[in-house]
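All residue numbers for the sequence shown refer to full-length UniProt numbering, where the first residue is 1 and numbers rise by one.
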Amino acid sequence: MLFTKKFGITDTDIEFFDIDISGDTKKFVDPYCINQSSSSTSIKAQYCIKVFLKELLNAIENQNDTLAEYLCSRFNEPTGTRLGYSTIKKDGSGAGEYLSSLFLAQLKKIRHLIQAGIFNNLEECSLLCDELKYDRISDITIDIIKLPLIEFTQEQCHKYGISLRKTKGKLKYFCLSTLQWKSDYFELPHIDDTDEFLILIPRTFIPKRPIYNPMYFYTNTAQEHFKKDAIFKNASCISRDRKGNIQVLTKDLKTCEDYKPNKENIKRSILEKPELLVKFRNEIAFDIYLRNFKS
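Pasting the structure below:
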């Protein structure tokens, strides 16, 4: 059952993503989309991500493992949002410790990119970190912006006259004033008389398809760079057209080990030419974003 139906909302222009309260929806929060929005909630969320990521990247760059491990220690598969993949009926599978260690381990692998100032945005993990895809990035993002999401949920419930109740347990959130993880009880909507609370997310945070798709990046940015590189190195994938001009066909490029569309080669292309990441963010990603939310 959808949230709007459960709570009797008839408004056809709601600000939040209409979750299915009976199970998880395979949709994901995209930090790139958060950065494109100008709502009060998105501005708060942007600041949360910016501050958190700055602290974490500084810790990794300076090899302050104690601080880095602490900052990543509270990640979990979020409850209440009804988004993502799940091994149980609702919300996450409880693999919080695994998610935390995975995130930190993947970032440490690209320490050289962090030190070079190439990696700056959370969504770039999907291009640069082997085991971090959009579902994990969504979980991490939700944890970081938990407080703005709770405040957004409370605002929406007040708007539609939905009653709130204090959560049975404390919820973890990142505190901007102390730069530490804290926990507290929060007033949130619940399902009937159960202890199951719900957290709403602005629909502008959730695209139809992930923006930072590695294949989008390969096709629209890395591929052209690789073709030029292949010609320069006289790679085995080069050929000649009918006029005798040197060329690299896409199908041939993709069969060459150094230019196959995988994350290792994508990372190499970014390291060789960091402006590819900037181009993708400013041109390709924005176009994908616009198409995602085109009515």
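Quick reminder that beta carbons are idealized off the backbone N, C-alpha and C, glycines included.
These figures come from a predicted structure and were not determined experimentally.
Item to check | Candidates Tyr-47, His-112, His-190, Leu-179, of which the one nearest Thr-79 by Cα | outcome: Position 79 of the sequence shown holds residue 79. Among Tyr-47, His-112, His-190, Leu-179, the Cα nearest to that of Thr-79 belongs to His-190.
Checklist entry - Are three or more beta carbon pairs between the region 196–209 and the region 28–47 nearer than 8 Å? => result yes
Next on the checklist: Within 10 Å of its beta-carbon, does His-225 have 16 or more other beta-carbons around it, so buried, or fewer, so exposed?
Outcome noted: For the purposes of this step, residue 225 is identified with residue 225 of the sequence shown, where counting begins at 1. That one is buried.
Item to check | For Arg-165, three-class secondary structure by DSSP | outcome: For the purposes of this step, residue 165 is identified with residue 165 of the sequence shown, where counting begins at 1. DSSP places Arg-165 in strand when its eight states are reduced to three.
Checklist entry - Leu-171 lies in the beta strand (DSSP E); which residues open and close that run? => result To locate residue 171, count along the sequence shown from 1; it is residue 171. Per DSSP, Leu-171 belongs to the beta strand (DSSP E) from 171–175.
Next on the checklist: Am I right that residue 314 and Arg-74 are in contact with their C-beta atoms under 8 Å? What's the rounded C-beta distance?
Outcome noted: No information on residue 314 is available, as it lies outside the stretch 1 to 295 that the chain covers here.
Next on the checklist: Check this for me: beta carbons of Cys-175 and Leu-164, under 7 Å apart or not?
Outcome noted: Looking up residue 175 in the sequence shown gives position 175. Looking up residue 164 in the sequence shown gives position 164. The criterion of a C-beta distance shorter than 7 Å is not satisfied by Cys-175 and Leu-164.
Checklist entry - Relative to the alpha-carbon of Glu-131, which residue among Arg-111, Gly-117, Asn-121, Ser-101 has its alpha-carbon at the smallest distance? => result Mapped onto the sequence shown, residue 131 falls at position 131. Comparing alpha carbon positions, the residue from Arg-111, Gly-117, Asn-121, Ser-101 closest to Glu-131 is Ser-101.
Item to check | Secondary structure of Glu-264, DSSP reduced to three states | outcome: Mapped onto the sequence shown, residue 264 falls at position 264. DSSP places Glu-264 within a helical segment (H, G or I) once states are collapsed to three.
Item to check | Closest residue to Ile-137 among Glu-272, Leu-99, Lys-251 (Cα-Cα distance) | outcome: To locate residue 137, count along the sequence shown from 1; it is residue 137. Here the closest residue by C-alpha is Leu-99.
Next on the checklist: Between Lys-26, Gln-115, Leu-271, which has its C-alpha nearest Pro-210's C-alpha?
Outcome noted: As a first step, residue 210 must be located in the sequence shown, where it is residue number 210. Selected option, being the one with the closest Cα: Lys-26.
Checklist entry - So, helix, strand or coil for Phe-197, using DSSP? => result Counting from 1 along the sequence shown, the entry for residue 197 is found at position 197. Reduced to three states, the DSSP call for Phe-197 is strand.
Item to check | Residue(s) in a DSSP beta bridge with Arg-42 | outcome: As a working note, residue 42 is residue 42 in the sequence shown. Sequence inspection shows Ser at residue 42; the Arg mentioned does not correspond to that position. None, per the DSSP bridge assignment.
Next on the checklist: Which residue marks the beginning of the beta strand (DSSP E) containing Ser-183, and which one marks its end?
Outcome noted: Position 183 of the sequence shown, counted from the first residue, corresponds to residue 183. Start and end: 180–184.
Item to check | Beta-carbon proximity of residue 296 to Tyr-216, cut-off 7 Å | outcome: No statement about residue 296 is possible, as the shown extent of the chain runs from 1 to 295 and does not include it.
Item to check | Sheet register partners of Arg-240 (DSSP bridge) | outcome: The residue given as residue 240 occupies position 240 in the sequence shown. In DSSP, Arg-240 forms a bridge with Ile-246.
Next on the checklist: Within a Cβ cutoff of 6 Å, which residues of the same chain sit near Pro-207, ignoring the five residues on either side of it in sequence?
Outcome noted: Position 207 of the sequence shown, counting from 1, holds the residue named residue 207. Sequence-distant partners of Pro-207 (beyond 5 residues in either direction) whose C-beta falls short of 6 Å from its own C-beta, in its chain, are Asp-30, Cys-33, Asn-292.
Checklist entry - Going by other Cβ atoms of all chains shown within 10 Å of its Cβ, with 16 needed for buried, is residue 325 buried or exposed? => result Outside the shown range of the chain, which is 1 to 295, sits residue 325, and nothing can be said about it.
Item to check | Residue closest to Lys-170, alpha-carbon to alpha-carbon, out of Leu-147, Ala-68, Cys-256, Gly-161 | outcome: Along the sequence shown, read from residue 1 onward, the residue named residue 170 stands at position 170. Of Leu-147, Ala-68, Cys-256, Gly-161, the residue nearest in Cα terms is Leu-147.
Checklist entry - Relative to the alpha-carbon of Glu-187, which residue among Asp-195, Lys-166, Ser-177, Thr-178 has its alpha-carbon at the smallest distance? => result As a working note, residue 187 is residue 187 in the sequence shown. Checked all of Asp-195, Lys-166, Ser-177, Thr-178; the closest Cα to Glu-187 is Lys-166.
Next on the checklist: Buried or exposed, going by whether 16 or more other CB atoms sit within 10 Å of the CB of Gly-8?
Outcome noted: Here residue 8 is taken as the residue at index 8 of the sequence shown, counted from 1. Label assigned to Gly-8: exposed.
Item to check | Neighbour-count burial assignment, Ser-126, 16 or more Cβ in a 10 Å radius | outcome: By 1-based counting over the sequence shown, the position of residue 126 is 126. The residue in question, Ser-126, is buried, as its Cβ has 16 or more Cβ neighbours within 10 Å.
Next on the checklist: Could you tell me the alpha carbon to alpha carbon distance between Phe-103 and Cys-72, rounded to whole angstroms?
Outcome noted: In the sequence shown, counting from the first residue as 1, residue 103 sits at position 103. In the sequence shown, counting from the first residue as 1, residue 72 sits at position 72. Cα-Cα distance, rounded: 7 Å.
Next on the checklist: DSSP three-state label for Thr-10, please.
Outcome noted: For the purposes of this step, residue 10 is identified with residue 10 of the sequence shown, where counting begins at 1. Coil.
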